[in-house]
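Protein chains in written order, with my numbering: chain A, 1 to 345; chain B, 1001 to 1437; chain C, 2001 to 2287.
Cβ coordinates follow ideal geometry from the N, Cα and C atoms, glycine included.
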Amino acid sequence: MATLTTAATAERADVGVRRRRGFGERWLSPALLSPSIVAMFIFVYGFIAFTFWVSISNWKTNRRDLSISDPTFKTYDSLFNQTRFQIDLRNTLVFTVLFLIMAVFAGLALALLLDRHVMGSNLFRSIFLFPYAISFITTGVVWRWIFNPETGVNALFDQTGLNDALAKAGVGPLKPGWITDPSVVWQVNGALEKIFPWADVIKAHLGIPVAMIPVVIAATWQLSGFAMAMYLAGLGTIPGEIKEAALVDGASDWRAYKDIIIPLLKPITISTMIILGHVSLKIFDLIYAMSGKGPGFATDVPGIFVYDKLFGAQQYNLGSAASIVMLVLVSLVIVPYLWRQLKEL
Amino acid sequence: MNLFVADVMSGRHNRRDLFRRAAALGISATVAGGLINRAAAQDATPSSLTGDLEIFSWWTSPGEAPALEALFTEYKKRNPGVNVINAAVAGGGGGPAQAVLQTRLQGSNPPDSWQSHPGHELIDQYVDAGYTETVTDIYASEGLDKAVPQGLIDQCSKDGQQYLVPVGVHRGNGLWYNKDVVGKAGVTVGDTMTQEEFMAALDKLKSAGVTGLAIGDKDSFVDAQTFENHLLGALGPDKWVALFSGDAAWDDQEVKDVMTSFTKLLDYVNSDHSALSWSDATAMIIEGKAAFNTMGDWAYGEFVAKNVVDKMGWVSYPGSDGSFVLVVDGFTKPKGAPDMDNAIAWLKSCSSVDAQAAFNPLKGSIPARTDVPTDGFSEYHKWSIASFAKDHLVGSAAHGLATSPAFKQAFYDAAIAFVTDKDVDTFATTLADAAKA
Amino acid sequence: MAVDLSGIHAARPRQKRSFGNIVVFVLLVLAALFYVAPVYVMIINGLKDKSYMTLSDMWKLPRDLSGGGFGYAWDALRPYLLNSLQMAIPATIGSSLIGAVNGYLLSKWKFRGSDILFSLVLFGMFIPYQSILVPLIVTLQKFGLYGKWYGLTIVHIIYGIPITTLIFRNYFSNIPSELIEAARIDGAGLIKIFWQIMLPLGLPAFVVVGIFQFTNIWNDFLFGVTVVFSPSAQPVTVALNNLQGTQSVDWTVVMAGAAIAAAPTMIIYVLLGKFFIRGLLAGSMKG
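Have a look at this one:
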C-alpha cells in the first residue's frame, strides 16, 4: 500500500494538480454526525434527565405526579434503607466480580486451546460461540432446571453413579442446594462494624450468596464465547515467530504462555472486561428467568428491583431512583475507560 | 311457566312487563332475569357495529387462551361486523403484561378493554388515576346488580359506582391433596380441617418420610398467598380484613403468634421450593412426591391436564372454612377507548349468562353471576359455587384486591424474606411500616 | 484494494508432542459437553410429549420422534418469525451503516471536540432500558412511531448507534491515514472516500457489527413487547414469552419454541463464525 501511495504522489506531482484540502468540506463531518448526536441527546440524555426528575418527584402511584418531593432526595434515602436494595447492590458486586473472572478465564482458556489448531477446532469454536445466539430468557429456564437441587446436575450425580461412589468412600452424596441455597458465606458485617460503627445501618449480609454461583456459571456459559472470540483474534495477531522463539528457548509451553503471550493480551483483557462488565451490571433477563429473586433475595439484582417497583408497585419515583443508581454504578466502570480512550487518541 | 317462557321468547313485551308477569306467576326474579337475558341474547338481532375491538389480557397459554376465545366467540355472535384483536401478553401480576399495560396507559393509548382484578388493583391503579369510566349502567342493564353477590360488587365499586365487569371467580384459599399419599400415611381429611389437625397431619407425614406441603415460590406471589391463607385461617375474616385495610396493627401480639405458627409450617415444606414455580409444586402432589399443596383453584387445570382429577381431594385452607378468598378476573371500560361502542358491547357480552357459561368451565373458574346453570361444572367447582353464594367474600391481598400495589409488592418482598430468615419481628415491623407508607 | 489479512494469521506451531495435542483435544471435548448440555436439554424436551415430560426426567431422551411441542410451537411462532426478520434486518443494516459513517468520521475526520462527542455517544450504551420505557413511549408517540414495527426498527437503530460506532471507530483507526491522504490528493472528497474506500475495506467490521447487532436485536424482548403492542406486528421473542402462560405452562411447547426462535441466529453463527473471528482480528476491538 505504501508503494501505491508514493507512486501515485510521484505521478501527480508531475502533473502539478494539487487539490487543496477540501476546506469547504470541513463542515461536512460534524454535519453528518449531527443526526446521531441529536438522537443521543433525545433518547439517551433527555431520558436520563427525565428519569432523574421522576426519581426526585412524588410520583408513586399510577397517577402521574411530577412535583418535586420534599426533602428532594427523600426517595434515595428510603431506597438505600431498603434491605432488599442493599442486598441487590451486594449481589451486583459479587456477580460482576465472579462473572468477569470466570468469563475472562474461560474465554482465554478456550482461545488458547483452540489456538493449537487440533482436529475439529472449527467445530469446537462454533460450539463455544453459539450460546451467545440464544436468548437469555430461554437459557435462564434451562439453567433453572439444571441447578434445581432435585433434578438437573444433582440428578446426574445420582444417575451416573457418582453419588454411590462417594457414599461408599464415606464422603457422602453430593447434593448442593444450588439456586435454592439461601446461605451467605464469608460475611464481613461483624468486622466492618468494628471498624466503622455506623456500618450497622447495613442490614444486608455482606458476603457471597451461595445461590449466585450457579447464576455466574450460567452467565459464563452464555458470554464466554464472546471473550474467547476476542482472545482468538488477539492471539492471531501475535506473530507466530514470537511463540516459536519462546518455545525454542527451552521455556516449557506453560512458561511461554504465562510470561510472554498472556501479557501481550492485556489490552484485549481490558476491553473484554469493560464490555462484559457493563452487561453484568445491567443484567435482568437471565436472572429473571433462571432464579428470580432467589431465597431471601440471594439472586436479586437492581434490574429486577427496578422492574418490580416500576410496573408491579407503580412507585415510579423509587424505580427511577434505582435506575439512576444503576447508571452511576455503570459510569464508575465506564468513565475511566473512556478517559483512557480519549487520552490515547 | 311455559306460557311465560313463550311470552319472553316472543319479544313482544319489554323487560318491565315481563318481570311483572314473572312476579305474578311466582317465578323468582333470578330465574326470570336469566330467562329474559337469554332470550334477549338469542332473540336480539346481531348489532351493526363495525371497526376493531382490541382486548388486552394475560391469557396466552394453551390452558387459558381457549377460555378467552370463548368470550370472543360470544361477542362475535352478537357483533359479527367487528374485528376482534387479541392483544394478550403473558405475565400477569407484575410481569411483562403489566409493563405493557402501564406503559400504554401512560402513553394515552389504551386498548378497548383490559383484564383486571377488582379491589385495590382496579381502584388504585386505574380508577383513581383516571383511566376508566363507570359501568354502573351495564350492571343495571345486564342484571349484574342482581346476579352478582354483593361482596363482589363492593370489590368492583368506588363511591357507589361500579368500574369492572367480573367474568370469572377463582378461589384463593384452597388446600389440595393427593388422596393416596395422605391415606397411606394414615391421615384422614374431612370436609373441613382445623390448623391443629393440619399440623398433626403434616407431622404424621413427616414421620412417614413424605414431604407434607409442596410450595413453589419462585413466583413472587406464592409466599404472600400462602401466608395470607394461613392468617385467614387463624384470625378469621373480620380481623383479617381489618389488617389489610390498615385498621389493625401488624405488630400486635396476636398477629405475631400467627407468624410464629407459620414458621412451624415451613418445617414440612420441600427444600427446593425457591427453584420451583407454583405449577411445579402442584406437579409434586400430582406425582405423589408430596401430600398437600395450597394454591388457588387455577391449579385445578393441572389436574385435568394430567388426568388425575379423581385422585385429588380438596378442602378450604385449614381454619378458613366459611370464607372465600376472591381472585377475580374482569374487564374495564377505558376512558378514551379507541372504539367506545365496541368496548361497551364487549362488556355487555361478557356480562351475559352465555358468555360466563362458556368461559368458566374452560378457564377453571366459576362464574361471577350466580344465575348461570351449574351442570357444566365439575364436582369441585360445584362445591366452590355453593361456597361463593353463601360464604364471607374477602379480596385476596396477594393478588392485589385487598391492598395497594405498593403494599402488595412490599408484602411479596417481606414474605420472601420471612420464609428464608423466619424472623417474626422483622416481618411484623416491615409490614407495619409498609402499611403506614 | 482488498486488504490482505492472510499474513496476520497465526503461523501453525509445529505439530510436535502429539500427547499435548491429545490433552488439548480431550479438554476441548469436555468443554464442548458443558457448552452443548443446555442446548441438548432444550431440544430433547421440546421433542417430548407433554403427557410424559417431567422435570426429574429432563436428561432422558424422548420416547418417540412424534415431534412433541414442535408442531404447536412452529404454528404459533411462524408469523412472528417473519415479523422479527422484517424488523431486525433493516435495523441491523441501518445501525451498521450509521455506525460505519460515524466511526469513519470520528477516526479520520476529526474536529475540535469530536473525541468528546464520541464519548457522549458511547455512554448511551450503558443505560438500563427498563427505566426509560415511559419517556420512550411518549417520545415515539410524538413522532408517530409508537406501535409500528418500523418504530421498533428505529428504536433498535438508535440504541445500536453507540456500540456500532465504537466498533467501526476502532477498526478504521487501524487503517493508515496515508490511504485517505492519497485519495484526497487524487481529488476525492469525504463522501467519495467513504463509498469507494472505507466501505469495502470495512467488510470484516461489518461482519462483526452485523452479527452482534442482529443477535441483540433478534433476542430483545423488552422493547419488542412495549413498543409494538399490536400482536400481529410483534417480534418472535414476545410470542415465545406468550407460550408460557401466567397460570399454566406446557414446557414441551416452550422449549420447542425456544429452539425455533434461536435457529436463525444459531445458523448465522455456525456459518459466519469464522468471519466473525477474522473481523475481530482485523482490529474491530483493539484497545
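Residue i and residue j closer than 8 Å at C-beta
| i | j | result |
| --- | --- | --- |
| B/S1108 | B/I1055 | no |
| C/G1971 | C/V2238 | Outside the displayed range of chain C (2001 to 2287) lies residue 1971 of chain C, so it cannot be described from this structure. |
| B/F1331 | B/G1168 | no |
| C/A2261 | C/M2042 | no |
| B/G1296 | B/V1269 | no |
| A/N317 | A/W59 | yes |
| A/L32 | C/V2121 | no |
| B/G1313 | B/K1179 | yes |
| B/A1435 | B/F1407 | yes |
| C/L2152 | C/M2087 | yes |
| C/T2252 | C/M2058 | no |
| A/G327 | A/F136 | For the record, residue 327 of chain A in the displayed sequence is Leu; it is not Gly. Taking 8 Å as the Cβ cut-off, A/L327 and A/F136 do not qualify as a contacting pair. |
| B/Q1161 | B/T1132 | no |
Residue range of the unbroken beta strand (DSSP E) whose run includes residue i
| i | result |
| --- | --- |
| B/E1287 | Neither: B/E1287 is in no beta strand (DSSP E) and is coded neither H nor E. |
| B/D1052 | 1051-1056 |
| B/W1314 | 1312-1316 |
| B/H1392 | 1392-1395 |
| B/S1323 | 1323-1332 |
| B/G1174 | 1174-1178 |
Chain B contact residues for residue i, given Cβ-Cβ distances below 8 Å
| i | result |
| --- | --- |
| A/D65 | By Cβ distance, chain B contributes nothing, its closest Cβ being about 10 Å from A/D65, past 8 Å. |
| C/L2055 | D1280, A1283 |
| A/S69 | Ordered by position in chain B, no residue passes the 8 Å Cβ test against A/S69, which lies about 14 Å from the chain. |
| A/T139 | Result: empty, since nearest Cβ-Cβ is about 16 Å, beyond 8 Å. |
Cross-chain neighbours of residue i in chain A, by beta carbon under 9 Å
| i | result |
| --- | --- |
| B/Q1225 | In chain order: nothing, as chain A lies at least about 15 Å away. |
| B/K1158 | The contacting residues do not exist; B/K1158 stays about 14 Å from chain A at best. |
Own chain partners of residue i with C-beta closer than 6 Å, once the 5 adjacent residues on each side are dropped
| i | result |
| --- | --- |
| A/G107 | S224, A227, M228, Y231 |
| C/Q2247 | With a pLDDT of 49 at C/Q2247, under the threshold of 50, the modelled position of this residue cannot be trusted, and the question is left open. |
| C/L2222 | Y2129 |
| B/A1281 | A1214, I1215, G1216, N1293 |
9 Å Cβ cut-off: residues of chain C touching residue i
| i | result |
| --- | --- |
| B/G1439 | Residue 1439 of chain B is absent from the model: chain B starts at 1001 and stops at 1437. |
| B/N1086 | P2231 |
Same chain only: Cβ atoms within 8 Å of residue i, ignoring 5 sequence neighbours per side
| i | result |
| --- | --- |
| A/L268 | According to the sequence displayed, residue 268 of chain A carries Ile and not Leu. So the list reads M230, Y231, A233, G234, once near-sequence residues are dropped. |
| A/R21 | Low confidence applies to A/R21: its pLDDT is 48, below 50, so where it sits in the model is not reliable, and the reading given next is rough at best. Excluding sequence neighbours, A/R21 sits near nothing in its chain. |
| B/S1141 | K1348 |
| A/M40 | none |
Under 8 Å from the C-beta of residue i: neighbouring residues of chain C
| i | result |
| --- | --- |
| A/M102 | Those do not exist, as A/M102 stays about 12 Å from chain C at its closest Cβ, beyond 8 Å. |
| A/Q82 | Under the 8 Å cutoff, chain C gives no residues; its nearest Cβ is about 17 Å from A/Q82. |
Distance between beta carbons of residue j and residue i, contact taken as under 8 Å
| i | j | result |
| --- | --- | --- |
| A/S36 | C/I2157 | A/S36 to C/I2157, Cβ: 10 Å. No contact. |
| A/I179 | A/T299 | 7 Å |
| C/L2085 | C/G2067 | Not really, about 24 Å apart at Cβ, beyond 8 Å. |
| B/H1273 | B/I1215 | 4 Å |
| C/S2096 | C/F2206 | 6 Å |
Where the alpha helix (DSSP H) containing residue i begins and where it ends
| i | result |
| --- | --- |
| A/M102 | 83-114 |
| B/D1154 | 1150-1155 |
| B/E1069 | 1065-1078 |
| B/P1166 | That residue, B/P1166, is in no alpha helix (DSSP H); its beta strand (DSSP E) goes 1164-1171. |
| B/D1413 | 1405-1421 |
| C/Y2040 | 2018-2047 |
| B/W1346 | 1340-1351 |
| B/S1048 | Note, B/S1048: premise wrong, no alpha helix (DSSP H); not H, not E. |
| C/S2177 | 2177-2185 |
| C/N2242 | 2236-2243 |
Partner residues on chain B for residue i, Cβ-Cβ distance less than 7 Å
| i | result |
| --- | --- |
| C/V2207 | The premise fails here: C/V2207 is roughly 33 Å from chain B at the closest Cβ pair, so nothing lies under 7 Å. |
| A/F311 | G1094, Q1098, A1099, Q1102 |
Contacts around residue i, its chain only, beta-carbon distance under 7 Å, and the 5 residues preceding and following it disregarded
| i | result |
| --- | --- |
| B/F1438 | Only positions 1001 to 1437 of chain B appear in this structure, which leaves residue 1438 of chain B out of reach. |
| A/I56 | I68, S69, T72, F73, T75 |
| B/G1441 | This structure leaves residue 1441 of chain B out entirely; chain B is present only between 1001 and 1437. |
| B/G1026 | The pLDDT assigned to B/G1026 is 48, lower than 50, so where the model puts this residue is not dependable; a value taken from the coordinates is nonetheless given after this. Excluding sequence neighbours, B/G1026 sits near nothing in its chain. |
Residue i: contacting residues in chain C (beta-carbon distance under 7 Å)
| i | result |
| --- | --- |
| B/P1096 | V2225, N2241 |
| B/T1103 | L2133, V2134, I2137, T2226 |
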